[in-house]
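Following: one structure in structure tokens, then a few remarks.
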Ligand SMILES: Cc1ncc(COP(=O)(O)O)c(C=O)c1O
């Protein structure tokens, strides 16, 4: 039996007993999920949804090998890492083998937030510096120390930016300060970091770390231009700081060709600290910080013990090992490349057809669809994106919209996603966009030239007041 309560009762109990800031997806019409398998989730009525957003269920929901590994170890022993045990050392050895040689020392934690918090402690202890450079729109976790360095959060709440935090522009070549037509956006964005360092130093401040996701996820599926991180690393290290690569969302082979996303930037870029989480345990709460021997030794020289009750316990390590085995045995990196390339091709065809699609960007199974009201101005189509995800849900496809304007459709499915799933998802999206564009009067032609403005001032979109997706549009679209 999967259900204790009717959906209505579950909702009522949730409203009563769960903090109101814990949001549900599709708040206007939440889904109750009772089981999941591979890339599919099932509601209480047995309806199947194609999961395009759960990068935590990395090797597929409830993968039997991962479940088996957890059960087997739970029957024998689970305890903290103060006792010698083979699982933790075997897991650390296997993880280190996926990384460049100098990244060899692991600290296990229970969440991506804990990993990033510890990474900051390591960085600050290393040279005794305090300041952190972070990217605009970044999210690095829910702990106080991470809200402070997450503009995605602190810009929305009442918190103000702390003095020791410096925000660099996101290296976004579609919507950012320097775009695809710039001669060298990587250097231009890296120079912004250099300027921040110089200004901070002029005020007597000292840089402890630069932290960034290797590809920004909550920030809108942003892929930094090649060469950016090398230059940033040079400036940050020159100031006595370290580079932290947050791979909590984008690690473990999601990009296909490489196991870690930072590796897309070439062998000459190696972060000083890498943090990982989400996909690591396929849903089991495990996370990790990996760093160099030098930084780890500086951390222990403070004399303070690092103890984490659950971090690296025998069950978590067994789960982590099983995930690594499945990635390898099922060639999920190869699958990410094959299916991701196919998906991006299909989406680019949709871009030629639908003027609402401003940009399709992605690598492997990490893809973003930037919806715009106007291709030339790149005006974010926020209300339209919300409408699309609700309509896709009606068509049994789970998607989310994120980025600073909440207009980027995020695709980051379990890595067992197939070409058939990609085709199904894109077909549904095509249908939803066709009806929506018809309703709002945007062009839907078989081939629309790049940069064609999709509306004129005072056109139908304005009349419909799309900021809130006018009722007329909603009605037409809902009739589809
Ligand atoms: C890039 C990134 N870093 C860190 C975290 C925090 O991870 P957790 O929610 O496991 O604490 C998240 C969570 O969404 C994230 O997206």
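Residue numbers (this note's numbering): -18 to 461.
C-beta: ideal position from N, C-alpha, C; glycine also.
Under 7 angstroms between C-beta atoms of residue i and residue j
i, j, result
"residue 46", "residue 300", "no"
"residue 149", "residue 209", "no"
"residue 332", "residue 341", "yes"
"residue 255", "residue 236", "no"
"residue 114", "residue 177", "yes"
"residue 384", "residue 122", "no"
"residue 171", "residue 212", "yes"
"residue 240", "residue 234", "yes"
"residue 263", "residue 39", "yes"
"residue 409", "residue 373", "yes"
"residue 407", "residue 327", "yes"
"residue 25", "residue 53", "no"
"residue 400", "residue 323", "yes"
"residue 116", "residue 90", "no"
Burial state of residue i (16 or more Cβ within 10 Å)
i, result
"residue 334", "buried"
"residue 198", "buried"
"residue 347", "buried"
"residue 243", "buried"
"residue 131", "buried"
"residue 474", "There is simply no residue 474 to check, as the chain begins at -18 and stops at 461 in what is shown."
"residue 339", "buried"
"residue 5", "exposed"
"residue -1", "exposed"
"residue 349", "buried"
"residue 87", "buried"
"residue 316", "buried"
"residue 1", "exposed"
"residue 109", "exposed"
"residue 144", "exposed"
"residue 312", "exposed"
"residue 135", "buried"
Cβ-based neighbour list, residue i, same chain, cut-off 7 angstroms, excluding 5 preceding and 5 following
i, result
"residue 439", "Bear in mind that a pLDDT of 32 at residue 439, under 50, signals an unreliable position, so the number given afterwards is only what the model happens to contain. None."
"residue 259", "36, 37, 93, 229, 230"
"residue 20", "31, 32, 41, 394, 395, 397, 398, 402"
"residue 18", "42, 43"
"residue 362", "337, 352, 353, 354, 388"
"residue 107", "223, 276, 279"
"residue 441", "Below a pLDDT of 50, predicted positions are generally treated as unreliable, and residue 441, at 31, falls in that range; the measurement from the model is reported next regardless. Excluding positions up to five away in sequence, the list reads 421, 422."
"residue 220", "178, 182, 188"
"residue 127", "94, 97, 98, 121"
"residue 207", "167, 246"
Reference residue i, options the options, closest by Cα
i, options, result
"residue 92", "128, 255, 269, 72", "269"
"residue 377", "-6, 351, 33, 97", "33"
"residue 156", "414, 406, 357, 409", "357"
"residue 82", "273, 242, 286, -12", "273"
"residue 146", "2, 55, 111", "111"
"residue 253", "193, 207, 289, 14", "193"
"residue 217", "99, 191, 227", "191"
"residue 204", "184, 13, 161", "161"
"residue 214", "109, 311, 289, 249", "249"
"residue 55", "298, 328, 365", "298"
"residue 510", "9, 29, 326", "Because the chain here runs from -18 to 461, residue 510 falls outside it and cannot be looked at."
"residue 411", "103, 144, 330", "330"
"residue 325", "404, 102, 173", "404"
"residue 309", "79, 57, 3, -6", "79"
"residue 367", "-7, 10, 3", "10"
Cβ-heavy atom distance, residue i to ligand 3, below 6 angstroms
i, result
"residue 120", "Of the ligands one can find in the structure shown, namely ligand 1, none is ligand 3."
Bridge-paired residues (DSSP) for residue i
i, result
"residue 285", "Beta-bridge pairing links residue 285 to no other residue."
"residue 373", "Its beta-bridge partners do not exist; DSSP assigns none."
"residue 355", "360"
"residue 22", "17, 30"
"residue 381", "391"
"residue 402", "Looking at the DSSP assignment, residue 402 forms no beta bridge with any residue, so it has no partner."
"residue 269", "89, 257"
"residue 149", "116"
"residue 226", "193, 255"
"residue 340", "351"
"residue 188", "112"
"residue 42", "19"
"residue 263", "265"
"residue 203", "197"
Sequence-distant residues of the same chain with beta carbon closer than 8 angstroms to residue i, five excluded per side
i, result
"residue 302", "50, 68, 71, 72, 75"
"residue 360", "353, 354"
"residue 381", "6, 34, 370, 390, 391"
"residue -4", "none"
Cut-off 6 angstroms between Cβ atoms - residues of its own chain near residue i, not counting five sequence neighbours on either side
i, result
"residue 59", "294, 295, 296"
"residue 62", "69, 293"
"residue 305", "75"
"residue 251", "81"
"residue 386", "361, 363"
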